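Here is the structure we will look at.
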Amino acid sequence: MPVDQHASQPTVLVVDFGAQYAQLIARRVREARVYSEIVPYDITVEEIERRAPAALILSGGPASVFAEGAPHMDPRILTLGIPILGLCYGIQEMALQLGGEIPKTDVGEYGSAKLTVTGPGSSLFAGLPGEQQVWMSHRDSVGTAPAGFTVTACTDTTGIAAMEDPSRKLYATQFHPEVAHTTHGQEILKRFLYDVAGIAPTWTMVNVIDEAVADIRERVGGAKVICGLSGGVDSSVVAALVHRAIGDQLTCVFVDHGLLRLDEGEEVVRVFRDQFQVDLVHVQAQERYLDLLAGVTDPERKRHIIGEEFWKTFFEEATKLEGVRFLAQGTLYPDLIESGGRGAKATAKIKSHHNLIPFPAGVHFDLIEPLKALFKDEVRAVGSELGLPDEIVHRQPFPGPGLAVRIIGDVTAERLDILRRADAIVREEIGAWDTDRGVWQYFAVLPAIRSVGVQGDERTYAHPIIIRAVASADAMTADWARLPHELLATMSNRIINEVEGVNRVAYDITSKPPGTIEWE
Ligand code: XMP
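See below:
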């Protein structure tokens with residue numbers, strides 16, 4: 215199921231031979247302001263013709279082209295006359311299908327390599343240095359290019375690091391232009407997109423908004439739409455976008471579970487009710503959540519209670535409103551892409567996700583998901599373009615169950631207050647220091663212990679606060695941030711002096727793995 219959301223844009227289809235590479239390629243293409251989507255390698259010729267892409271990019275993949283069960287695409291795709299760029303596995307698939315040779319050797323090439331351009335007339339390398347650093351990750355490589363192809367670059371280990379047949383608009387590289395370690399990778403991709411495929415860079419967030427607004431208006435007509443606000447980036451951008459499209463026909467429901475960070479609840483109300491003048495139902499559910507969570511210490515149980523209560527409250531409010539037909543949701547493109555397992559049949563299957571919303575019996579809304587073709591950084595750009603403040607658009611990842619997963623043990627009003635105030639200091643201090651947003655996430659954690667301290671003349675028996683700050687690219691792995699000692703000292707002093715009930719501060723120096731980012 216293609217997203218097919220931006221059908222009016224020239225589209226580049228990334229043919230996925232191994233999901234981990236395809237997403238990055240699609241993002242890089244979009245960074246070059248060309249719309250792209252990922253399709254599985256077994257896409258049919260008919261489907262490609264129907265989609266009429268402006269170009270295809272064949273992704274890398276974990277498999278050897280000779281491995282049993284290795285993914286292969288329909289060879290007729292290479293004869294459609296569509297400009298094609300094959301990357302890594304893609305160059306080998308192209309060579310194999312068009313009569314080139316891939317000798318079986320045991321010499322792979324992994325990591326940085328020096329590329330020498332041997333075909334300076336190649337459109338891919340026009341104006342770029344004759345020697346450049348590229349990233350390689352392969353075992354097999356093409357030994358003899360197919361008839362009609364010219365070899366345009368090599369490395370010490372790989373004789374055919376790039377090849378092309380301009381008459382058929384077929385181009386390929388053994389290296390990965392999509393990764394940052396390939397110094398001129400983005401330039402090479404742009405040359406393929408703009409010069410070889412002749413695509414104009416028209417994919418901008420302004421266009422995205424205009425198209426989404428037109429789509430929403432057409433679909434919704436005069437009906438009413440409801441949207442659940444959490445204070446997070448995705449739901450905020452959806453709300454702002456749908457509001458731009460249909461104004462008063464949108465009602466937002468903000469279930470304030472009291473587990474947000476300091477002032478976040480007020481910020482949601484200020485932005486949506488006061489700035490955007492959205493019809494906002496603000497459900498103050500703090501007391502109810504505290505009752506439900508009293509005495510609950512098991513993290514899974516906390517999560518379950520909070521999630522269940524959220525939807526219950528949301529649907530109670532939603533069904534009170536008359537004439538609502540649609541529910542707007544912040545589903546993103548990565549939510550829809552299910553990664554194929556390594557070595558397994560590589561896929562970019564689109565998950566059926568519509569059953570994820572636990573509609574109560576007898577309740578149904580049609581879904582509107584205006585962000586479902588977008589990556590997170592694009593959603594942020596749309597949010598800024600729509601006028602949402604930086605605090606929302608650049609908000610750090612924050613668990614749905616909120617501070618409840620950063621309080622170990624009992625969640626009480628008193629413990630929430632301690633954590634919230636300590637967390638505000640951590641965010642203020644690291645935020646002022648980390649102005650270029652190099653640190654992925656930083657926050658405070660309240661563990662379920664007390665320790666002895668001395669403040670003034672008095673012995674104290676109070677709470678420690680743990681500071682967690684990590685560097686990460688995607689939260690899958692992370693390393694603890696090397697914060698300056700002075701910054702740690704400032705935070706420690708401020709937290710102990712300003713937050714009553716805290717007499718000790720510790721810094722978490724655990725990477726992920728083996729630790730996780732959150733404590734729970
Ligand atoms: P862990 O703790 O597993 O967290 O290393 C990885 C990332 O996920 C965030 N996180 C959540 N995000 N709902 C969310 O939207 C949740 O329930 C949730 N739990 C963890 C976490 O903050 C980190 O960025």
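Just so we're aligned: 499 in this note's numbering is position 285 of the sequence shown, and the numbers increase by one with no gaps anywhere. Quick reminder that beta carbons are idealized off the backbone N, C-alpha and C, glycines included. All figures in this text were calculated on a predicted structure; none of them were measured in a lab.
The DSSP-derived three-state label of Trp417 is coil. Under the Cβ criterion (8 Å, minimum of three pairs), the segment 415-434 does not count as touching the segment 328-343. Ordered by chain, the residues meeting the criterion of a beta-carbon within less than 6 Å of a non-hydrogen atom of ligand 1 are Pro611, Pro613, Gly614, Pro615, Gln655, Ala689, Lys726, Thr730, Ile731 and Glu732.
Under DSSP, Tyr385 forms a beta bridge with Leu299 and Glu378.
Judged by their CB atoms, Ile710 and Val716 are nearer to each other than the 7 Å cut-off.
Distance from the Cα of Ala683 is smallest, within the candidate group Trp647, His677, Glu672 and Tyr675, for Trp647. Trp525 carries a helical assignment under DSSP once its states are collapsed to helix, strand and coil. Comparing alpha carbon positions, the residue from Glu501, Gly479 and Gly436 closest to Gly537 is Gly436.
Taking Gly576 as reference, the option from Phe529, Asp631 and Ser598 with the minimal CA-CA separation is Phe529. Under the DSSP assignment, Ser449 falls in the alpha helix (DSSP H) whose first and last residues are Val447 to Ile460.
Of all C-beta pairs linking the segment 311-325 to the segment 233-243, fewer than three are shorter than 8 Å, placing the two stretches out of contact. By the 16-neighbour rule on beta-carbons within 10 angstroms, Lys534 is exposed. Relative to Glu261, the option among Arg242, Ala246, Val248 and Asp288 whose CA is nearest is Asp288.
Excluding its 5 nearest sequence neighbours in each direction, Arg594 has C-beta neighbours in its own chain below 7 Å: Val447, Val607 and His608, listed in chain order. In terms of Cα proximity to Glu642, the closest of Pro615, Ser706 and Ala685 is Ser706. Asp488 and Ser449 have their C-alpha atoms spaced approximately 17 Å apart. Here DSSP, grouped into helix, strand and coil, assigns Ala240 to helix.
Gly442 carries a strand assignment under DSSP once its states are collapsed to helix, strand and coil. In the three-state scheme derived from DSSP, where H, G and I count as helix and E and B as strand, Ser706 is classed as helix. Here the segment 366-379 makes no contact with the segment 225-233; the two share fewer than three CB pairs at distances below 8 Å. A distance below 6 Å between beta-carbons, with the five flanking residues on each side excluded, links Asp379 to the following residues of its chain, in chain order: Gly362 and Phe363. DSSP places Pro289 in the helix class (H, G or I) of the three-state scheme. With a threshold of 16 other beta carbon atoms within 10 Å, Ile663 falls short and is exposed. Ala359 counts as buried, since no fewer than 16 other beta carbons sit within 10 angstroms of its beta carbon. For Val410, DSSP records no beta bridge to any residue. Around the CB of Lys526, fewer than 16 other CB atoms lie within 10 Å, so the residue is classed as exposed. In the three-state reduction of the DSSP assignment, Lys726 falls in the strand class. A Cβ-Cβ distance of about 19 Å is found for the pair Val469 and Ala508, leaving them out of contact under the 8 Å criterion.
Restricting attention to Leu464, Gln669 and Val331, the CA atom closest to the CA of Leu541 is found in Leu464. The Cβ-Cβ distance between Ile520 and Pro611 does not fall below 7 Å.
When beta bridges are read from the DSSP output, Arg484 appears opposite no residue. Rounded to the nearest whole angstrom, the CA to CA distance from Ile430 to Lys516 is 36 Å. A straight-line Cα-Cα distance of about 14 Å links Leu473 and Glu734. For Lys590, no beta strand (DSSP E) run applies; the uninterrupted alpha helix (DSSP H) run containing it begins and ends at Lys590 to Glu599, by DSSP.
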